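Trainee: Sending over a structure as structure tokens; questions will come in a sec.
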Amino acid sequence: MSNIEQTLSIIKPDAVERNLIEDIKSIFSKNNLVIKNSKKIHITKEEAAEFYKVHQSKPFYNDLCAYLASGPIVVMILEGVNAITLYREIMGATDPKKAEKNTIRKLFGISIDKNSVHGSDSTENAKKEIEFFFNN
Ligand code: IDP
Ligand code: MG
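Using the working numbering, you'd call the opening residue of the sequence shown number -12 and step up by one each time.
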């Protein structure tokens, strides 16, 4: 039985700034991930802090929140078979240097913080993150 899931994707400021939106979207479509909803927004540091709350104890939390709020981002709901795991795979490792060949982060990521994309890591977080950006 196929397991259709939804996950949240963010194209982060470094990738929006370098006009990589269409290149990244084409990787989604090649992998049968359908964009169900999409918006380009510029969030505040407070909103970023709320979104990344799970990381509040990490040493990089402040910089991470400032970074996500530093410019426009594109938030999207992606849908497809096993979308959560599939999207994590095509994104690649958090650190672009460690990401597999042809993953989005390997192709486009600049550094561990400017790694071009976000993707939900579990069913529970996908639901929460989609609600955060789209159900209010
Ligand atoms: P993920 O995005 O691959 O799920 P997480 O561990 O959830 O990685 O971290 C969230 C984001 O925080 C990463 O995408 C990256 O931008 C940033 N980040 C993670 N680890 C570090 C670090 O060691 N230094 C700086 N930024 C980091
Ligand atoms: Mg994460």
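A virtual CB, placed ideally from N, CA and C, is assigned to each residue, including glycine. Keep in mind the model is a prediction, meaning the values are calculated, not measured.
#1: Determine the burial state of Asn102: buried for a count of at least 16 other Cβ atoms within 10 Å of its Cβ, exposed for fewer.
#2: Applying the 10 Å Cβ sphere with the 16-neighbour rule, what's the burial state of Thr81?
#3: Return the Cβ separation of Ile(-3) and Val62 in integer angstroms, given the expectation that the two are a contact with Cβ distance under 8 angstroms.
#4: Hey, is Asp1 close to the ligand MG, as in C-beta under 6 angstroms from one of its heavy atoms?
#5: Which residues mark the beginning and the end of the beta strand (DSSP E) in which Val21 is found?
#6: Would DSSP call Thr110 helix, strand or coil?
#7: Hey, would you say the C-beta of Leu7 is under 6 angstroms away from at least one heavy atom of the ligand IDP?
#8: Taking 6 angstroms as the cut-off, is the CB of Ile99 close to at least one heavy atom of the ligand IDP?
Mentor: Reading off the structure:
#1: buried
#2: Exposed: under 16 other Cβ atoms inside 10 Å.
#3: Contact holds; Cβ gap of about 5 angstroms.
#4: no
#5: Run containing Val21: 21 to 28, per the beta strand (DSSP E) assignment.
#6: Of the three classes helix, strand and coil, the one that applies to Thr110 here is helix, per DSSP.
#7: no
#8: Because some heavy atom of the ligand IDP lies under 6 angstroms away, the Cβ of Ile99 counts as near it: yes.
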